[in-house]
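Residues 29 to 365 in my numbering are what the sequence shown spells out, letter by letter.
Accompanying notes for the structure given below.
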Amino acid sequence: MSILDYAPRALLCFLCSIAPVCARAPVIAFEATGPALTVKHPAMYPETIEYDAREDRFLLGSFREGAIYGVDQSGKASLLVEDPRLCSVLGIAVDAGRSRLWAVNSDLGASARPSAAGPKNLAGVGVYDLVTGKAIRYVDLATLVVGPHLLNGIALDSAGNAYVTDSFSPVIYKVAPTGEAGLFLRDERFSGSGVNLNGLVVHPDGYLLVIKKSEGSLFKVPLSRPSEVSQVTIDRSLVGGDGLTLAGGRDLVVIANRTPEKNSDAAFSLSTRDGWASAKVVAVQDLGDVYPTTGVVRKGVLYVVHSKLNQLISAPPDEKARLRELAVIRPIGRVAP
């Protein structure tokens, strides 16, 4: 027997704080887990990926078409949501318990279906039946804040409320399941040049974690006291941070692409020991020159989607229609239960 068999509880706690014998096994392990899945629908240009467990399918929102597709394990894409009000679909979120699919609607001048409001003015959220794709409601958020808009990320809490980031205005919106919408939080720390607030997740302990792409900073926002927002202390910058995937309560994956000043094109695994007052980057997976955007977990495997969306956004108007990149859903690691 070792000394640990006889040690009192206080001594064990002390030893666990300093010794590797009590080290926590990693929840997220970056590794090759299988072949990439090519989506058999050119020029979709998805910005966000979700997973529908009931149908065992991925869900992709089309930046180019303003639509949402279901994608099976062979890569076949089937149109799920077709709504003439949608211009470019960015964030999407699944509410499996209520059989709802939420979608963020924006216009950055890269859609085949331009909005009447015009680029940087459209700001809407659509809610659809997860099975049929039928529209349930559409909520216009543009009138809540004066200024340019790029609605981007969306996350749902257990009550079915949606929280939506705006990359061009320093705000987070809240939309109730019944459609009532309001300003959840405005903070000048969310301001900056280029794309700012981006992906977000709802933590089960009652707060949001939100990434600011332009600076690579992470914020913690209590759901009941949003004015008490704080910046998470991290041991390195996450510039280009786009999509967030929460694994349990203490681990987070940040999918990062690039800004005009820095290329990241990587997945970062973060872990916290103090409830996201601070966090450390414990692993980094380089993803290559593909402009990855968001990730999702399916059956314990972490997937990331990429389609070189940056090329579509930056291309001159007369060249956008000629771009036909195929989206790729790529397994990059495992997530422990």
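All C-beta atoms in this analysis are idealised placements derived from N, C-alpha and C, irrespective of residue type, glycine included.
Fair warning: this is a prediction, and the values are worked out from it, not measured in the lab.
Next on the checklist: Please return the same chain residues whose Cβ sits closer than 7 Å to the Cβ of R85, not counting the five positions on each side in sequence.
Outcome noted: G98, V99 and D100
Checklist entry - Would you say V318 and F296 are within 9 Å of each other, going by their C-beta atoms? => result no
Next on the checklist: Measuring straight from C-alpha to C-alpha, what distance separates A355 and K202?
Outcome noted: 30 Å
Next on the checklist: In the DSSP output, which residue or residues are listed as bridge partners for H231?
Outcome noted: Y235
Next on the checklist: What does the Cβ neighbour count give for E208, buried or exposed, with the cut at 16 atoms within 10 Å?
Outcome noted: exposed
Next on the checklist: Please classify E93 as buried or exposed, where buried requires at least 16 other C-beta atoms within 10 Å of its C-beta.
Outcome noted: buried
Item to check | Local Cβ density within 10 Å of P74, reported as buried at 16 or more and exposed below that | outcome: buried
Checklist entry - By Cβ distance, which residues of its chain are closer than 6 Å to A71, with the 5 residues on each side in sequence left out? => result R92 and R352
Checklist entry - Apart from the five residues on each side of it in sequence, which residues of its chain come closer than 6 Å, Cβ to Cβ, to H69? => result A105
Checklist entry - Taking the beta strand (DSSP E) that K202 falls in, what are its first and last residues? => result V199 to V203
Checklist entry - Three or more beta-carbon pairs under 8 Å between the segment 126-133 and the segment 150-162, yes or no? => result yes
Checklist entry - Whole beta strand (DSSP E) runs in the segment 89-121 with 3 or more residues, listed along the chain? => result 95-99 and 105-110
Checklist entry - What three-state label does DSSP hand C50 in the structure shown? => result Residue confidence is low: C50 scores 38 on pLDDT, short of 50, so the model does not pin down where it sits. Its coordinate-derived value is still stated next. If DSSP states are grouped into helix, strand and coil, C50 belongs with the helices.
Item to check | Supposed close pair L169, T193 - CB separation, criterion 8 Å | outcome: Actually they are not in contact, since the Cβ atoms of L169 and T193 sit about 11 Å apart, beyond 8 Å.
Item to check | Start-to-end residues for the alpha helix (DSSP H) that takes in L169 | outcome: No alpha helix (DSSP H) contains L169, which DSSP labels as neither H nor E.
Checklist entry - Among the residues of its own chain, which have a CB less than 6 Å from the CB of T261, if the five just before and after it don't count? => result S306
Item to check | Rounded Cβ spacing between P381 and V332 (contact assumed at less than 8 Å) | outcome: Missing from the structure shown is residue 381; the chain here goes from 29 to 365 and no further.
Item to check | Integer Cβ distance of S372 from F247, believed to fall under 8 Å | outcome: For residue 372 there is no data in the structure shown, the boundaries of the chain being 29 and 365.
Checklist entry - Does the segment 234-251 come within contact of the segment 210-223, defined as at least 3 CB pairs closer than 8 Å? => result yes
Checklist entry - Roughly how many angstroms separate the alpha carbons of V173 and L179, rounded to a whole number? => result 12 Å
Next on the checklist: Does the distance between the C-beta of G152 and the nearest non-hydrogen atom of the ligand ADP fall short of 8 Å?
Outcome noted: No copy of the ligand ADP appears in this structure; indeed no ligand is present at all.
Item to check | Distance between N226 and G271 (C-alpha atoms, nearest Å) | outcome: 7 Å
Item to check | Rounded separation between V309 and G137 - CA only | outcome: 35 Å
Next on the checklist: Between V329 and V55, how many whole angstroms is the CB-CB distance? I'm expecting something under 8 Å.
Outcome noted: Contact flag wrong, Cβ pair sits at about 13 Å.
Checklist entry - In terms of DSSP beta bridges, what is R286 paired with? => result N291
Checklist entry - Is G125 helix, strand or coil when you go by DSSP? => result helix
Checklist entry - Which residue from P198, C115, T76 and V153 puts its Cα closest to that of A204? => result V153
Checklist entry - Mind checking T287: buried by the 16 CB within 10 Å criterion, or exposed? => result buried
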